[in-house]
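Asker:
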Amino acid sequence: MDPIQRLQPLIQFYRGRRRMPSVRELARLWGFRSQNAADKLARHLIARGFLAKDTTGKLLPSRFFYEVRILGTVEAGFPSPAEEELGDTMDLDEFLIKNKEATYMLKVTGDSMKDAGILPGDMVLVERGVEPHDGDIVIAHIDHAWTLKYLRKRGRKVWLEPANKRYKPIFPTEELKIAAVVIAVIRKYRDE
Amino acid sequence: MLQWSSPSFANTVMSEETPLTLHAFPRAILHIDGDAFFASCEQSRNPHLQGKPVITGKERGIVASMSYEAKARGVTRGMRLFEVKRLCPDAVILPSDYETYSLLSVRLFAIVRRYTPEVEEYSIDECFADLTGLRRPLRLSYQQMAERIKHALDAELGFTFSVGLAPNKVIAKIASKWQKPSGLTVIPGYGIHQFLKDVPVGKVWGIGPQTAALLEKHGMRTALQFARKSEVWVKKLLTKPFYDIWQELNGRYVLPLVTVEKTSYQSIQKWKTFTPPSRDRDFVLAQLSKNIENACLKARKYRLAARGAIVSLKTQQFLVRGIEVKFSRATAFPHDILHVIQPAFAQLFQSDEEYRATGVVLLRLEEDTMRQLELFEDTLKIEKFSRVYQAMDHLREQFGKHTVFLGSSYLAHRFAQHLGARGDAPERTGRLFKGETKRKRLAIPMFMGEVR
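In structure tokens, the structure reads:
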């Protein structure tokens, strides 16, 4: 049986109970009589990256336990003949999102960043709580609305720069409130 | 002094400055509480709402949560919305977006779990965390850990949390409430008494108005006066839960964190109000049917089956009438239940009454093993049903709740649950990306308002 198939009962368990099984439950899930056998297989799967464990030895879910469907673009997790190689790949969630708890999305309504390739209707992934650098695209609040602009820093001077000739740079008069930094822009063209 | 006239006070006055315990943190328990959580979720994602009195709960007709700006204007939780409009005409009243609040709640717990696996998810916006023993591995003092956790929460969720660090849950609760919003209060064991002298005994977590009244009769107004009572007296006069609280007030750790997630239920309840109210028998039955479907869905999710149910109807005069129905076998199929409750519904429903809500409680839940079929049961039929519902659950998982539903619920699905202002949907449901549907959205909180 290939590892992905081995994981299926664990994934089901994890989705149902929101926790990982104990060794005893593992044995039951795999239909083993011996907990030792279950532990051995678990260790084998951990060594190959299909499972993980924490410092106390408790099982942790690996990336195979999460659904890629969240982003609705690719179906991942199918069994592959080259499964040994899968440990070095990542799914789209991992690729796009570094800190899951701090990532938010927004839907662009204006065209002030069109020359940066950000158009009305686009989905923008942003991260809160990270230090914004010069040249980052940031989301700031100006006059009770979000604004999406390039952040420019020269010495002590900080300003926001649009990517559209029709708009002027914004030189804040008060403290600039930057809520988050843009990580990615997603545009979906077809949905069938 | 006045206190000398009352002998039970004499002791207290003399030992006002004596610590209750000499230890600092035999255990280090953190209590974390979101500041005006629902309203903050709304304000943090929409700059248009910042600095304004924001209220959630539009769909319920009462205040579910209010921002600090609204609190300052005298708005309280549970207040009727028409009163709010009179008191605070510029209030922004929003329908609850529980999907977003839940997404942020999950994030709250996940961030705390970066530091310790021992987290009790006490409610949607509150948790306890046990930090005991982490000083060496994290190379941080308990206070530094609390600061880090608070900082991560504030920065990554975009609004503030109040945090209390103490040797146990009862004191940690007092600590987190001490300074709000955005407070961080540390109460080591030897400092407990300095806080308790200003806390009315009825404000202690777990002490209700009845017990507070009893304690006041015995001359205790503050939590400190209660904590100073002798162990013998407390054990004699009060029940175990209050003895536990007394022990915690004295710096002992007796109430453990409940860190296992809830995977089973004693009963499952689904209540739904609809506007406008209705006298239409079929419509009211459809509402009940929808509730039964939802309750069964939840039961099946946890692999439970019910042996009985209470169905109830609420009239426009807020009178509730319910009837309990027993099942011959445990089931989680709405088909079965709808069939059995027909006579009960006929008895409950009065054609001259106007109804505003229906509800169902599934009772005596047991694990759904499907093995103990009774002798004369139609095994084949049950088997067939379980396949039908497996398919329905699968469809729902893939395409969202209510993708398929019973014909008997149809009338309840034809329109929104509330027509009129109460029926306003959260803004998020009207802002979809290609690939999202009304029934299924990305599990990432969305910033709202204009994005220029």
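Chains as they are written, first to last, in our numbering: chain A, 1 to 192; chain B, 1 to 452. The beta carbon of each residue, even a glycine, is placed where N, CA and C say it ideally should be.
Is it the case that the Cβ atoms of Val112(B) and Cys88(B) are separated by a distance below 8 angstroms?
Answerer: No, Cβ-Cβ distance for Val112(B) and Cys88(B) is not below 8 angstroms.
Asker: Closer than 7 angstroms between beta carbons: that is the criterion. Which residues of the region 420 to 439 of chain B meet it against chain A?
Answerer: Within the region 420 to 439 of chain B, the qualifying residues are Arg431, Phe433, Lys434 and Gly435.
Asker: Identify whether Lys217(B) lies in helix, strand or coil by the three-state DSSP scheme.
Answerer: In this structure, Lys217(B) counts as helix in the three-state DSSP scheme.
Asker: Distance cutoff 8 angstroms, beta carbons only. Does Ser112(A) sit that close to anything in chain B?
Answerer: Yes, contact with chain B.
Asker: Per DSSP, which residues does Cys88(B) bridge with? Please list them.
Answerer: Its beta-bridge partners do not exist; DSSP assigns none.
Asker: Give me the residue from Pro209(B), Val201(B) and Ala213(B) with the minimum Cα distance to Trp246(B).
Answerer: For Trp246(B), the nearest C-alpha among the options comes from Val201(B).
Asker: Which chain B residues sit within Cβ distance under 7 angstroms of Glu101(A)?
Answerer: Here the neighbours are Arg107, Ala110, Ile111 and Glu156.
Asker: Looking only at its own chain, which residues have a Cβ that is under 6 angstroms from the Cβ of Phe65(A), when we skip the five neighbours before and after it?
Answerer: So the qualifying residues of the chain are Ile11 and Tyr14.
Asker: By Cβ distance below 7 angstroms, which residues in the same chain neighbour Asn99(A) in space, the five residues on each side in sequence not counted?
Answerer: So the qualifying residues of the chain are Glu127.
Asker: To which residues does DSSP link Met123(A) through a beta bridge?
Answerer: Per DSSP, Lys107(A) and Ile186(A).
Asker: How far does the beta strand (DSSP E) with Ala305(B) in it extend, from its first residue to its last?
Answerer: It spans Leu304 to Thr315 - the beta strand (DSSP E) in which Ala305(B) sits, taken as one unbroken run.
Asker: Can you check whether the C-beta of Ile459(B) is within less than 8 angstroms of a C-beta belonging to chain A?
Answerer: Only positions 1 to 452 of chain B appear in the structure, and residue 459(B) is not among them; the question remains open.
Asker: For Glu293(B), is the classification buried or exposed, using 16 other Cβ atoms within 10 angstroms of its Cβ as the cut-off for buried?
Answerer: Burial call: buried.
Asker: If we count the other Cβ atoms within 10 Å of its Cβ and call it buried at 16 or more, is Trp233(B) buried or exposed?
Answerer: Trp233(B) should be labelled exposed.
Asker: Taking Cβ-Cβ distances shorter than 8 angstroms, what residues in chain B pair up with Gly31(A)?
Answerer: Within 8 angstroms Cβ-Cβ: nothing; Gly31(A) doesn't reach chain B, min ~17 angstroms.
Asker: Counting Cβ pairs, one atom from each stretch, are 3 or more of them under 8 angstroms apart for the region 338 to 351 of chain B and the region 298 to 318 of chain B?
Answerer: Touching, yes.
Asker: Around the Cβ of Phe399(B), are there at least 16 other Cβ atoms within 10 angstroms (buried) or fewer (exposed)?
Answerer: Under this definition Phe399(B) is an exposed residue.
Asker: Taking Ile268(B) as the reference, which of Gln390(B), Ala299(B) and Gly164(B) has the closest Cα?
Answerer: Taking only the C-alpha atoms, the option nearest Ile268(B) is Ala299(B).
Asker: Only counting runs of 3 or more residues, tell me where the beta strand (DSSP E) segments fall wholly within the region 209 to 283 of chain B, in order along the chain.
Answerer: Entirely contained in the region 209 to 283 of chain B, the beta strand (DSSP E) runs reaching 3 residues are, in chain order, 268 to 278.
Asker: If you compare alpha carbons, which of Ala129(B), Gln287(B), Gln43(B) and Val119(B) is closest to Ala145(A)?
Answerer: When each option's Cα is compared against that of Ala145(A), the closest is Gln43(B).
Asker: With 8 angstroms set as the bound, which would you pick, yes or no: does the beta-carbon of Leu106(A) sit closer than that to a beta-carbon of chain B?
Answerer: Yes, Leu106(A) lies at the interface with chain B (some Cβ there is under 8 angstroms from its Cβ).
Asker: Are Leu106(A) and Phe405(B) touching if we call contact CB-CB under 8 angstroms?
Answerer: Not a contact, by the Cβ cut-off of 8 angstroms.
Asker: May I ask which residues mark the beginning and end of the beta strand (DSSP E) holding Lys153(A)?
Answerer: Per DSSP, Lys153(A) belongs to the beta strand (DSSP E) from Ala145 to Arg154.
Asker: Tell me whether Thr437(B) sits in a helix, a strand or coil according to DSSP, three-state version.
Answerer: Of the three classes helix, strand and coil, the one that applies to Thr437(B) here is strand, per DSSP.
Asker: Report the rounded CA-to-CA distance for Ala91(B) versus Gly57(B), giving the unit in angstroms.
Answerer: Whole-angstrom Cα-Cα distance: 12 angstroms.
Asker: Using a C-beta cutoff of 8 angstroms, does Phe447(B) count as contacting chain A?
Answerer: Interface residue, yes.
Asker: So is Thr173(A) in contact with chain B if we call contact Cβ pairs under 8 angstroms?
Answerer: By this cut-off, Thr173(A) is not an interface position.
Asker: Are Val182(A) and Asp136(A) touching if we call contact CB-CB under 8 angstroms?
Answerer: Cβ distance < 8 angstroms, so Val182(A) and Asp136(A) count as in contact.
Asker: Taking DSSP as the reference, what is the three-state secondary structure of Val453(B)?
Answerer: Examination of residue 453(B) is not possible in this model, given that chain B is present from 1 through 452 alone.
Asker: Between His193(B) and the rest of its own chain, which residues show a CB-CB distance below 8 angstroms, the 5 nearest in sequence each way excluded?
Answerer: Same-chain partners within the cutoff: Glu16, Glu17, Thr18, Pro19, Leu20, Leu224 and Ala227.
Asker: Grab the span of the beta strand (DSSP E) containing Lys487(B) for me, first residue to last.
Answerer: Any property of residue 487(B) remains undetermined from this structure, which presents chain B solely from 1 to 452.
Asker: Between which two residues does the alpha helix (DSSP H) holding Asp93(A) run?
Answerer: It spans Leu92 to Leu96 - the alpha helix (DSSP H) in which Asp93(A) sits, taken as one unbroken run.
Asker: Distance cutoff 8 angstroms, beta carbons only. Does Asp191(A) sit that close to anything in chain B?
Answerer: It does: the Cβ of Asp191(A) has a partner Cβ on chain B nearer than 8 angstroms.
Asker: Nearest chain B C-beta to Leu160(A) closer than 8 angstroms, yes or no?
Answerer: It does not; no Cβ of chain B falls within 8 angstroms.
Asker: 8 angstroms is my cut-off, CB to CB: does Gly135(A) come that close to chain B?
Answerer: Closer than 8 angstroms: no.
Asker: Between Trp178(B), Gly74(B), Gln316(B) and Glu427(B), which lies nearest to Leu196(B) when the distance is taken from Cα to Cα?
Answerer: Minimum Cα distance to Leu196(B) is reached at Trp178(B).
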